[in-house]
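So the structure is just underneath, and the comments pick up after that.
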């Protein structure tokens with residue numbers, strides 16, 4: 060018996076049901092065959108992808124936004140971020156979200172991270188950029204966004220992280236990368 | 060008019076529909092009223108929470124596992140991790156997942172991060188621990204897990220990160236925290 064080699068661990072999809080297709084996500088349930096031959100199901104949340112920007116001022120200060128996160132039922136400090144729009148690149152999306160939420164129009168956005176937020180059940184991909192070189196324009200938040208903007212030193216942001224006041228994945232990744240970058244620049 | 064002050068940005072939930080309730084997640088769609096009075100919907104994925112461990116050997120080497128991620132359709136290098144079980148603490152869950160996936164029984168697990176993976180549409184909370192002091196026992200992966208274990212220096216793990224071979228949120232957070240911890244210890 061020949062044929063394409065099975066990728067190690069790959070599941071065979073026997074059938075797929077779409078349970079829901081909505082505004083920001085789609086839910087599918089796959090009937091699968093495991094590598095060991097057993098059958099089971101996999102619940103998969105399909106997502107169109109997200110973009111975020113870590114804005115860094117010339118003096119090194121960073122910018123965070125606080126908004127209500129309905130699934131958690133609380134306000135959270137995070138990077139300016141949002142969903143990717145059709146037809147735009149991740150860099151364009153990150154610059155757009157940054158400008159809409161904070162009024163900061165960035166001359167430069169540089170990719171710093173590209174990862175999956177929770178690949179066990181969801182395909183959301185997160186593109187994170189470092190944004191610099193700002194012109195201030197009026198922010199244009201979406202109708203459903205009430206956003207507080209905070210500009211602070213990286214040190215203060217790291218203290219917020221340690222104190223549990225920043226607790227969202229992409230924001231931790233971006234702040235830790237920025238701290239590492241500056242530690243490297245010091246040497 | 061008096062009454063409890065509205066939390067800034069909080070949405071009023073007018074009604075809630077459960078769309079799906081399954082193995083690892085539940086999907087709800089809420090009809091909400093925005094702070095500006097407009098009505099809309101919010102899609103919310105409910106999740107029971109996740110635990111992960113960064114295993115660190117006495118010589119500083121770290122341990123990663125590679126497994127198939129069905130939503131992405133690829134193998135991914137990540138921290139040993141899994142879902143929280145009912146009745147166990149996050150620390151117990153992280154130690155259990157570590158032992159099941161790698162056979163490393165940890166004498167100590169210390170909390171290093173506690174965050175939400177993607178709070179825009181999902182309430183999944185991720186508890187990350189640093190595990191040390193190992194006894195090797197036989198691994199006991201779940202029937203549906205085919206897991207490759209890799210032990211490498213932190214430097215090599217950071218190189219994998221920079222090369223895009225590690226691209227999953229909790230793993231980036233844990234490795235960056237570990238690098239920061241060691242940079243601090245050097246001073």
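Residue numbers (my numbering), protein chains in the order written: chain E, 60 to 246; chain V, 60 to 246.
Yeah, the Cβ is synthetic: ideal placement off N, Cα and C, and Gly gets one too.
For clarity, every value in this text was computed on a predicted model and none was experimentally measured.
Closest residue to residue i among the options (Cα-Cα distance)
i, options, result
"residue 166 of chain V", "V/178, V/98, V/117 and V/127", "V/117"
"residue 206 of chain E", "E/217, E/134, E/154 and E/144", "E/134"
"residue 113 of chain E", "E/105, E/171 and E/201", "E/171"
"residue 122 of chain V", "V/242, V/244 and V/219", "V/219"
"residue 212 of chain V", "V/141, V/144 and V/241", "V/241"
"residue 154 of chain E", "E/198, E/99 and E/103", "E/198"
"residue 179 of chain E", "V/157, V/109, V/189 and V/78", "V/109"
"residue 73 of chain V", "V/209, V/99 and V/80", "V/99"
"residue 119 of chain V", "V/86, V/210, V/105 and V/137", "V/210"
"residue 187 of chain E", "E/195, E/196 and E/168", "E/168"
Residue-level contact to chain V via CB, residue i, 9 Å cutoff
i, result
"residue 156 of chain E", "no"
"residue 88 of chain E", "yes"
"residue 214 of chain E", "no"
"residue 161 of chain E", "no"
"residue 94 of chain E", "yes"
"residue 143 of chain E", "no"
"residue 91 of chain E", "yes"
"residue 172 of chain E", "yes"
"residue 60 of chain E", "Confidence at residue 60 of chain E is low in this model, with a pLDDT of 40, below 50, so the placement of that residue should be treated as unreliable; the coordinate-derived value is given next. Not one chain V Cβ lies under 9 Å of residue 60 of chain E."
Euclidean distance between Cα positions of residue i and residue j
i, j, result
"residue 124 of chain V", "residue 76 of chain E", "30 Å"
"residue 238 of chain V", "residue 231 of chain E", "14 Å"
"residue 36 of chain V", "residue 101 of chain V", "Given a span of 60 to 246 for chain V in the structure shown, any question on residue 36 of chain V remains unanswerable."
"residue 233 of chain E", "residue 129 of chain E", "23 Å"
"residue 70 of chain V", "residue 97 of chain V", "10 Å"
"residue 181 of chain E", "residue 143 of chain V", "17 Å"
"residue 60 of chain E", "residue 141 of chain E", "Any reading at residue 60 of chain E must be qualified, since the residue scores a pLDDT of 40, below 50, and its modelled position is unreliable; no value is offered."
"residue 191 of chain E", "residue 184 of chain E", "23 Å"
"residue 84 of chain E", "residue 204 of chain V", "26 Å"
"residue 68 of chain V", "residue 177 of chain V", "18 Å"
"residue 201 of chain E", "residue 95 of chain V", "11 Å"
"residue 90 of chain V", "residue 162 of chain V", "46 Å"
"residue 208 of chain E", "residue 193 of chain V", "45 Å"
"residue 164 of chain E", "residue 157 of chain E", "7 Å"
"residue 78 of chain E", "residue 244 of chain E", "50 Å"
"residue 225 of chain E", "residue 105 of chain V", "21 Å"
"residue 115 of chain V", "residue 132 of chain E", "35 Å"
"residue 145 of chain V", "residue 139 of chain V", "19 Å"
Beta-carbon neighbours of residue i, restricted to chain V and to distances below 7 Å
i, result
"residue 131 of chain E", "175, 178 and 182"
Contacts of residue i in chain V (Cβ-Cβ under 9 Å)
i, result
"residue 79 of chain E", "78, 79, 86, 88 and 102"
Check: residue i C-beta below 8 Å from any heavy atom of the ligand ADP
i, result
"residue 110 of chain V", "Ligands in the displayed structure: none, and consequently the ligand ADP is not present."
Residue i at chain E interface by Cβ criterion, 9 Å
i, result
"residue 69 of chain V", "yes"
"residue 209 of chain V", "no"
"residue 150 of chain V", "no"
"residue 169 of chain V", "no"
"residue 134 of chain V", "yes"
"residue 75 of chain V", "no"
9 Å Cβ cut-off: residues of chain E touching residue i
i, result
"residue 124 of chain V", "Result: empty, since nearest Cβ-Cβ is about 11 Å, beyond 9 Å."
"residue 147 of chain V", "Correct list: empty, because the minimum Cβ distance to chain E is about 18 Å."
CB contact below 9 Å: residue i versus chain A
i, result
"residue 196 of chain E", "Note that chain A does not occur in the displayed structure, where the protein chains are E and V."
Chain V contact residues for residue i, given Cβ-Cβ distances below 8 Å
i, result
"residue 82 of chain E", "100 and 102"
Within chain E, partners of residue i - CB distance below 8 Å
i, result
"residue 128 of chain V", "175, 178 and 179"
Exercise. Quick one, which residues of the region 97–122 of chain V are near chain E if we go by CB-CB under 7 Å, in chain order?
Worked result: 97, 99, 100, 101, 102, 103 and 104
Problem set entry | Residues from the region 218–244 of chain E in contact with chain V, defined by Cβ distance under 8 Å | 223, 226, 227, 228, 229, 231, 232, 235, 236, 238, 239 and 242
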